[in-house]
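In my numbering, the protein residues as written are 69 to 475.
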C-alpha cells in the first residue's frame, strides 16, 4: 500500500478492467476528482495518483465505465446531469490517468435526468423528466474514442414517435432494443424497434414472425439470452406468469411466443431472473422473505423451441438472510449469492443451474469488524470492499474471490 493512501475514506468505487478506482467523496456527496486511489486486482497493490488535465475542484457527478474509460457527468443536487460538461478519464501508463474533454454539439440538451446505455465503445444517453418520461428526439451518443457528444435522436427514434412516453432499453451486443411503455408500464411490442449501432444507427422495426401474431401490451421483465430478448409477463404486483413468453430476435426484429412445460412450475410471485449460459434462474420472493427452492428455465434453444423446459432446484439461503436483501452475481457460469449490503459476509451460496446443484461456502479471509461489504464483479472475480460504521470504505482490507476456483 502506498503511504499516501488513507486506511479508510468515503469514495466512489469503479471497476475498470483489472483495476479498482476510488475517487474521494465528502459527506455532501461532492467528489474531488484531482486525486484517485487505484488498486491492481491481480496483485492487490494499492497506490494514490493525481489525475492529469483540467478538472473541476469538487463536484457531484455520475460515473460510467465504457470499456477502459470512465465517463464523468457533472450533476446538480437533484441528480440532473450537465451533458455539456462531460469529460472522459483514461489510463495512460500505470501511474497516470488523464482527463479529456469532448466535442459537444450545440443542440445537446441542458441539465436533465438521464438513462445511460453502454454499447461497445459508446454510451447512448436518453434524457427524461425524472418520472421515466423520455424525449427520444433528444437522445445523444458519446463516443469515447472519437471524444464526441452528438444528438442522435433523429436517427435512433422512429418518426412519428409512438404516443408512449416511457421506454425500456436492452443492449444485445452492438444493438439496442427499445420497448415503449404506456403510463401503466405495459410494454407495447408492436411499437418497439432495434437500433444497430455497429451499422451507423440502422433502425429495424419489430414485426411478428411468419405464422405468429403480435402479442398484446403487458407489463414484463426483460432478459437477454444469446441474441434474443425474452419478455416475462407479470401482473401489477410483479407476480410472474410463465403461461406465454414473448421472444424478440434482435437480428431480424421478429417476435414470437413460446410456452413453458414441466411437471412443476413456479407459483405466481415476484421473482428475480438471472441468466446463466442460456438457463434462466427464477428466484421467487416469498411472503416470509425465505426461499426453499428456485426454478430453472432452459432457454438455450429459445430461437427454435416452441416449448421451454422448467424444473425446480432446492436451495438453502437460511444463513444469508431474507431473500429480498440478498445480492446475486452471475460469474464464471454460476450464481453467487451474498448477504445484504449491511450484513457480515461470513458465507456465500453458489448455485450451478447446469449441474442442478446449490452449495454454501464459508468465507474466512474477510474482516469481521466491517459493518458491511460493497461487492463488485470483475471478470471471473468478486471484489469485496468493506466499510465501517460511517460508510467509509476500508481500502486496505479489500479482498478478491476467484470464482473459477469454486467447484
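Cβ atoms here follow ideal geometry from the backbone N, Cα and C, with glycine treated the same way. This structure is a prediction, so every number in the text was calculated from the model and none was measured.
- If you look at residue 222, you'll find it in the alpha helix (DSSP H) that goes 221–224.
- With contacts defined as CB atoms closer than 8 Å, residue 112 and residue 154 fail to qualify as a contacting pair.
- Within the model, the alpha-carbon separation for residue 421 versus residue 315 is close to 22 Å.
- Two segments are said to touch when three or more pairs of C-beta atoms, one from each, lie closer than 8 Å; by this definition the segment 132–148 touches the segment 197–212.
- Boundaries of the beta strand (DSSP E) around residue 196: 190–196.
- Taking C-beta separations shorter than 6 Å and ignoring five residues to either side along the sequence, the partners of residue 151 in its chain run 176, following chain order.
- Spatial neighbours of residue 383 in its own chain (CB-CB distance under 8 Å, excluding positions within 5 residues in sequence) are listed in chain order as 359, 360, 361, 362, 417, 419, 426.
- Contact between the segment 452–464 and the segment 79–95 is present: three or more C-beta pairs spanning the two stretches fall below 8 Å.
- Excluding five sequence positions before and after residue 339, the CB atoms of its chain that fall closer than 7 Å to its own CB belong to 308, 350, 351, 352, 353, given in chain order.
- Within the model, the alpha-carbon separation for residue 122 versus residue 303 is close to 50 Å.
- In the three-state reduction of the DSSP assignment, residue 266 falls in the helix class.
- Restricting attention to 378, 344, 248, the CA atom closest to the CA of residue 311 is found in 378.
- Rounded to the nearest angstrom, the Cβ distance from residue 234 to residue 286 is 14 Å, too far for a contact under 8 Å.
- Per DSSP, reduced to three states, the secondary structure at residue 211 is strand.
- Residue 232 sits in coil when the DSSP states are folded into three classes, being neither helix nor strand.
- In the structure shown, the three-state DSSP call for residue 176 is coil.
- In this structure the segment 165–180 does not lie against the segment 226–242, because fewer than three pairs of beta carbons, one per stretch, are closer than 8 Å.
- Shown here, residue 257 sits in a helix according to DSSP, grouped into three states.
- The C-beta distance from residue 454 to residue 435 rounds to 5 Å, short enough to meet the 8 Å contact threshold.
- Nearest to residue 392 by C-alpha distance, out of 409, 414, 332, 331, is 409.
- Beta-bridge annotation (DSSP): residue 430 is paired with 415.
- For residue 467, the closest C-alpha among the options 92, 85, 381, 107 is that of 107.
- Between residue 306 and residue 337, the alpha-carbon positions lie close to 7 Å from each other.
- Assignment of residue 320 by DSSP, reduced to helix, strand and coil, places it in the coil class.
- In the assembly as shown, residue 248 is a buried residue. Its beta-carbon has 16 or more other beta-carbons within 10 Å.
- Straight through space, the alpha carbons of residue 130 and residue 139 are spaced by roughly 8 Å.
- In this structure, 452 is the residue among 343, 92, 452 with its C-alpha nearest to the C-alpha of residue 411.
- For residue 242 against residue 264, the beta-carbon gap comes to about 6 Å, under 8 Å, which counts as contact.
- For residue 152, the three-state secondary structure derived from DSSP is helix.
- The continuous beta strand (DSSP E) containing residue 166 extends over residues 165–169.
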